[in-house]
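Q:
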Amino acid sequence: MSTDTSSRPHRASRWEDRFVNAVARTLRSRGWQARIEPYTGYGIAADGDEDGWVRVLGRVMLSPKSNQRAQGVDDPTAIEEDAAPEPRARRARAAARRGPEPLRAVRGWRSFFTAQLPHAAVEIVVDGVAHAATSDRGGYVDTVVPARLTKGWHDVQVRATEDGPAGGGPSVRTPVRILDAHETTGLVSDVDDTLMVTALPRPLTAIWNILVLHEDARRPVKGMAALYAEIEAANPEIPVFYLSTNAWNVAPALRRFFAYHHYPPGPLFLTDWGPTNTGWFRSGREHKRRALQRLATELPQVRWLLVGDDGQHDPSIYGEFTETHPDQVRAVVIRQLTPTEQVLAHGAPTPNVGSRTQARAAAGTVTVVGAPDGESLGRELRAAGVLPATGPRTVRPDTMSS
Numbered sequence: 001m002s003t004d005t006s007s008r009p010h011r012a013s014r015w016e017d018r019f020v021n022a023v024a025r026t027l028r029s030r031g032w033q034a035r036i037e038p039y040t041g042y043g044i045a046a047d048g049d050e051d052g053w054v055r056v057l058g059r060v061m062l063s064p065k066s067n068q069r070a071q072g073v074d075d076p077t078a079i080e081e082d083a084a085p086e087p088r089a090r091r092a093r094a095a096a097r098r099g100p101e102p103l104r105a106v107r108g109w110r111s112f113f114t115a116q117l118p119h120a121a122v123e124i125v126v127d128g129v130a131h132a133a134t135s136d137r138g139g140y141v142d143t144v145v146p147a148r149l150t151k152g153w154h155d156v157q158v159r160a161t162e163d164g165p166a167g168g169g170p171s172v173r174t175p176v177r178i179l180d181a182h183e184t185t186g187l188v189s190d191v192d193d194t195l196m197v198t199a200l201p202r203p204l205t206a207i208w209n210i211l212v213l214h215e216d217a218r219r220p221v222k223g224m225a226a227l228y229a230e231i232e233a234a235n236p237e238i239p240v241f242y243l244s245t246n247a248w249n250v251a252p253a254l255r256r257f258f259a260y261h262h263y264p265p266g267p268l269f270l271t272d273w274g275p276t277n278t279g280w281f282r283s284g285r286e287h288k289r290r291a292l293q294r295l296a297t298e299l300p301q302v303r304w305l306l307v308g309d310d311g312q313h314d315p316s317i318y319g320e321f322t323e324t325h326p327d328q329v330r331a332v333v334i335r336q337l338t339p340t341e342q343v344l345a346h347g348a349p350t351p352n353v354g355s356r357t358q359a360r361a362a363a364g365t366v367t368v369v370g371a372p373d374g375e376s377l378g379r380e381l382r383a384a385g386v387l388p389a390t391g392p393r394t395v396r397p398d399t400m401s402s
């Protein structure tokens with residue numbers, strides 16, 4: 001998952017690597033075991049005699065070898081990814097019976113106190129076939145393997161196979177969303193200030209995630225879950241990808257937030273906040289550009305609904321993507337921040353000039369709509385013909401939270 005563009009590590013990366021390796025050696029000498037923090041993946045179904053593929057995502061971490069809960073060890077990061085969601089009808093019935101998983105009363109800073117295991121050997125089992133992989137310098141696993149899976153949700157097995165005093169860890173289930181080879185519509189969504197109210201200056205987003213007392217302090221943007229339910233109702237097979245500059249450490253909390261507020265499940269594209277091969281910090285804009293370009297290359301048949309907000313760079317990033325891939329964009333959907341939110345996002349009460357210019361350029365090629373909340377965006381999309389003007393709408397009253 002590295003976003004490095006240089007083969008020679010920056011000095012900050014070299015310092016970080018020395019520290020991480022020293023921590024890993026110390027913990028492993030004390031019997032800590034490698035484990036997998038799995039992230040939702042995706043792929044393409046087999047088509048006739050042609051194999052499909054699956055992109056498997058995860059991170060190799062270190063934790064006490066004995067069962068953490070049994071020993072009373074507080075390791076809130078040791079949270080296994082949910083299994084592949086059930087088919088729509090069964091999922092709805094099961095959710096109605098048990099309700100969503102409650103948001104946890106876990107202090108946000110705990111998610112950042114982790115010990116990754118760099119360059120660890122990993123085994124990935126897809127449909128009974130084992131594949132070898134290796135984690136990168138941050139412990140991340142990001143690999144594409146061939147597969148003959150049918151469309152829909154599947155589980156793959158991933159485990160660390162490191163030799164040494166701590167040994168390998170247990171196998172964990174990782175859900176993957178397999179798309180039909182002829183899928184034609186997809187959704188890419190930003191998170192902060194698009195689905196989740198951040199209401200803080202963007203440079204302080206990291207501090208907010210660290211200091212927030214409880215997960216339930218995060219509030220959904222009004223009407224966005226209902227809008228996504230309507231988009232799903234109009235496009236029952238639509239894949240949803242969440243593209244954010246949040247750190248991978250908060251992935252478990254984001255998954256629970258999406259499930260609790262009834263956002264559809266889907267892969268997360270997050271970042272590593274540490275130093276890169278080219279500098280002290282990664283570029284959030286470049287992270288989003290690269291993720292969109294990869295989707296365009298891997299899924300050239302898909303036309304995307306690109307959803308974001310006008311607080312900083314989403315309009316310009318989506319506009320650039322539209323200029324270079326006009327046939328792969330169905331519409332650009334921009335949540336308009338209030339003047340107060342704009343000031344917090346970038347210091348002025350209106351969207352920055354670059355974003356406005358790029359949005360106007362994109363509007364000359366594809367449908368571009370903007371509104372302050374999900375309900376208003378839905379009206380704009382229906383008026384533009386992107387969503388059906390009439391017909392059944394799957395909108396639950398409990399998703400209209402603010």
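Each step along the sequence shown adds one to the number in UniProt numbering, with nothing skipped, and position 21 is 21. Beta carbons: idealized from backbone N, C-alpha and C, even for Gly. The structure displayed is predicted, hence computed values, not measured ones.
1. For isoleucine 238, which residues from the same chain have a beta carbon less than 7 Å from its beta carbon, with the 5 sequence-adjacent residues on both sides left out?
2. Secondary structure at isoleucine 317, three-state DSSP: helix, strand or coil?
3. On a Cα-Cα basis, can you pick out the residue from Val54, Val369, Gln293 and Leu243 that is closest to threonine 324?
4. Name the two residues that bound the continuous alpha helix (DSSP H) containing arginine 256.
5. Check this for me: beta carbons of alanine 226 and glycine 374, under 9 Å apart or not?
6. Under 6 Å Cβ to Cβ from phenylalanine 321, same chain only, skipping five residues before and after it: list those, please.
7. Taking just the CA atoms, how far does glycine 152 sit from aspartate 49?
8. Run through DSSP, which three-state label would alanine 389 get?
9. Rounding to the nearest angstrom, what Cα-Cα distance links glutamate 341 and arginine 290 in this structure?
10. Taking aspartate 51 as the reference, give the member of Leu57, Tyr140 and Arg148 with the closest Cα.
11. Going by CA-CA distance only, name the one from Ala160, Ala234, Leu305 and Leu377 that's closest to methionine 224.
12. Let me know the secondary structure DSSP gives tryptophan 248 once reduced to three states.
13. Could you give the first and the last residue of the continuous alpha helix (DSSP H) run that contains histidine 119?
14. For the candidate residues Glu286, His182, Leu195 and Pro326, whose alpha-carbon lies nearest to that of threonine 367?
15. Verify whether the separation of the beta carbon atoms of phenylalanine 241 and leucine 295 is less than 9 Å.
16. Going straight from the alpha carbon of arginine 219 to that of methionine 196, what length do you get?
17. Which term fits proline 236, buried or exposed, when burial requires 16 or more other beta carbons within 10 angstroms of its beta carbon?
18. Would you mind working out which of Thr26, Leu299, Gln301 and Leu306 sits nearest lysine 288, comparing C-alpha positions?
19. How many angstroms separate the CA atom of threonine 390 from the CA atom of leucine 381?
20. Can you give me the C-alpha to C-alpha distance between valine 302 and threonine 26, rounded to a whole angstrom?
21. Can you tell me the Cα-Cα spacing of threonine 338 and aspartate 190, whole angstroms?
22. Do you know how far the Cα of asparagine 246 is from the Cα of proline 118?
23. Using DSSP with H/G/I as helix, E/B as strand and the rest coil, what is alanine 181?
24. Considering Cα atoms alone, identify which of Glu298, Arg379 and Gln312 is closest to valine 54.
25. If distances are taken between C-alpha atoms only, which option among Gln157, Ala115 and Ser135 comes closest to valine 126?
26. What do you reckon, is the C-beta of glycine 186 under 8 Å from a heavy atom of the ligand ATP?
27. Is proline 372 closer than 9 Å to arginine 335 when the C-beta atoms are compared?
28. Around the Cβ of threonine 194, are there at least 16 other Cβ atoms within 10 angstroms (buried) or fewer (exposed)?
29. Among Gly364, Arg35 and Val56, whose alpha-carbon lies nearest the alpha-carbon of valine 176?
30. Please confirm whether alanine 120 and threonine 143 have their CB atoms less than 9 Å apart.
31. If you draw a straight line from the alpha carbon of valine 172 to that of aspartate 309, how long is it in whole angstroms?
32. Of the choices Asp192, Tyr260, Arg137 and Tyr228, whose alpha-carbon is the least far from that of arginine 18?
33. Just the C-alpha distance for valine 386 and arginine 59, rounded to the nearest angstrom, thanks.
34. Which of the three DSSP states is assigned to glutamate 50 in this structure?
35. For glycine 128, count the other beta carbons within 10 Å of its own beta carbon; 16 or more makes it buried, fewer makes it exposed. Which is it?
36. Is glutamine 293 helix, strand or coil when you go by DSSP?
A: Let's see:
1. Thr185, Gly186, Leu187, Ile231 and Glu232
2. helix
3. Gln293
4. 251-260
5. yes
6. Leu292
7. 19 Å
8. coil
9. 27 Å
10. Arg148
11. Leu377
12. helix
13. Unbroken run through histidine 119: none, as it is neither H nor E.
14. Pro326
15. yes
16. 6 Å
17. exposed
18. Leu306
19. 12 Å
20. 47 Å
21. 17 Å
22. 21 Å
23. coil
24. Glu298
25. Gln157
26. Among the components of this structure there are no ligands whatsoever, and the ligand ATP is therefore not found.
27. yes
28. buried
29. Val56
30. no
31. 35 Å
32. Arg137
33. 37 Å
34. strand
35. exposed
36. helix
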